[in-house]
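Trainee: If you're matching them up, the sequences are chains U and D in order. Quick note: the first sequence uses the numbering used here, first residue 303, plus one each step. Quick note: the second sequence uses the numbering used here, first residue 5, plus one each step. Let me begin by handing over the structure; questions about it come next.
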Amino acid sequence: MARRLRLNNTKTKLLLDISLAVAFIVALEPQSTGQYWHEWLGIGFGVAVIVHILLSWKWVVSVTRRFFGKTSGQARINYLLNLVLLLAMGTVVVSGLIISRNLPIAETLGVSSQTQHTWEELHRWSPQVALLVLGVHLGLHWKWIVATIKRYTWKPRRRIAPQKALPELSTRS
Amino acid sequence: MSKNQKSLVMLVIVIAVLGLSGYWLDRTGYLEVPRVFDVPAVLTGSDAGGSAMGERPAGDFGGQDRNAEFEGAGQGERPQGGGGHEGGGGLSERVLLSMASDVWFLAVTITAVVIVMRGAALVKAQLRRARHPAMAASS
């Protein structure tokens, strides 16, 4: 019987986050994929960012409600930083869509060539800002990342070991 | 080995790896300082900027070259014959090294944040101990 891949919320988050980080690094070097796939990777990345936010929606709602009330300073810093990251990532994706060479978005929106130049400049700048803020974001969540990777890679193997040792323990008592 | 000692050893290893890889990337000329770190260029508004790590070797794959290569005409103009599967990708040596440079900056930022956070937690714990010595002694 085929083993079903069981995904809980944490596992999904971890897999999605790893994919997002890899996709971001690959998208930073458009020459690695070529223009066509760079644009589709960017669109997929935008969708994945939305899913990433939706998976943490409870946290977003609770901190938004308590932002000016009773909440920890770290949660506030996290919230503001995430907001900056969202803005940077949003700028990357939107500017990428506008200057797209495969999708006629600029023509559809009637963007002039002068405005397009500004969007191109934004598309060069925003990933650099996003890279910096992403580093801070990952650093602030580093404990969670390490703990979750440990839980899903080393812990399952550890759980098997005590079961083998169980008969020995029972004979002693 | 205690948990603190383990953390310290890990920190030394991480810093050594980052330092050596950064030195190697810089020597190869592929260590590209992200524009946000390029303070002189930001202040003067010049696009050429230059690397904070010194001059790049001739024929190097700097930020401007990289953009120019991919953007074609530059200055807002799209390259002719746009659309379709233009600019075919591939993992050449310089693409891989540019990618490594991005990963290096990401790793440095993460490490810096983790060190600052751990430091802040240690200072907080010390202050708590100083304020409530009785509680610290019981625990």
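A virtual CB, placed ideally from N, CA and C, is assigned to each residue, including glycine.
Please list the partners that V324/U has in chain D, where partner means a Cβ-to-Cβ separation under 9 Å.
Mentor: Here the question's residue 324/U lines up with position 22 in the first sequence. The premise fails here: V324/U is roughly 10 Å from chain D at the closest Cβ pair, so nothing lies under 9 Å.
Trainee: Helix, strand or coil: how does DSSP classify G336/U here?
Mentor: Residue mapping note: residue 336/U aligns to position 34 of the first sequence, counting from 1. Correct three-state label for G336/U: strand.
Trainee: How is the alpha helix (DSSP H) around G26/D delimited, first residue to last?
Mentor: Counting from 1 along the second sequence, the entry for residue 26/D is found at position 22. Unbroken alpha helix (DSSP H) run through G26/D: 7-32.
Trainee: How about I327/U: is its C-beta nearer than 8 Å to some C-beta of chain D?
Mentor: Numbered from its first residue, the first sequence carries residue 327/U at position 25. It does; some Cβ of chain D falls within 8 Å.
Trainee: Can you check which of these residues, N311/U, P429/U, L399/U, L356/U, is closest to W339/U by C-alpha distance?
Mentor: Within the first sequence, residue 339/U is the residue found at index 37, counting from 1. W339/U has its Cα closest to that of L399/U, out of N311/U, P429/U, L399/U, L356/U.
Trainee: With a 10 Å radius around its C-beta and 16 neighbouring C-beta atoms as the bar for buried, classify T335/U as buried or exposed.
Mentor: Within the first sequence, numbered from 1, the residue matching residue 335/U stands at position 33. Result: buried.
Trainee: Please classify T373/U: does DSSP put it in a helix, a strand, or coil?
Mentor: In the first sequence, residue 373/U corresponds to position 71, counting from 1. It is coil, neither helix nor strand.
Trainee: Between the segment 436-457 of chain U and chain D, which residues of the former have CB atoms less than 8 Å from a CB of the latter, in chain order?
Mentor: Hits within the stretch, in order: L436, G437, V438, L440, G441, L442, W444.
Trainee: With distances taken from CA atoms, which of V351/U, I379/U, F370/U is nearest A390/U?
Mentor: Counting from one through the first sequence, the residue named residue 390/U turns up at place 88. The shortest Cα separation from A390/U among V351/U, I379/U, F370/U belongs to V351/U.
Trainee: The segment 99-113 of chain D: which residues have C-beta closer than 9 Å to a C-beta of chain U, in chain order?
Mentor: Result list: V99, L100, S102, M103, D106, V107, F109, L110, A111, V112, T113.
Trainee: Taking S334/U as the query, report the chain C residues whose CB atoms sit under 9 Å from its CB, ordered along the chain.
Mentor: In the displayed structure, chain C is absent; the protein chains listed are U and D.
Trainee: Check whether the Cβ of M121/D lies closer than 8 Å to any Cβ atom in chain U.
Mentor: Within the second sequence, the letter at position 117 stands for residue 121/D. Closer than 8 Å: yes.
Trainee: Looking at the structure shown, is P137/D part of a helix, part of a strand, or coil, going by DSSP?
Mentor: In the second sequence, the residue the question calls residue 137/D occupies position 133. Of the three classes helix, strand and coil, the one that applies to P137/D here is helix, per DSSP.
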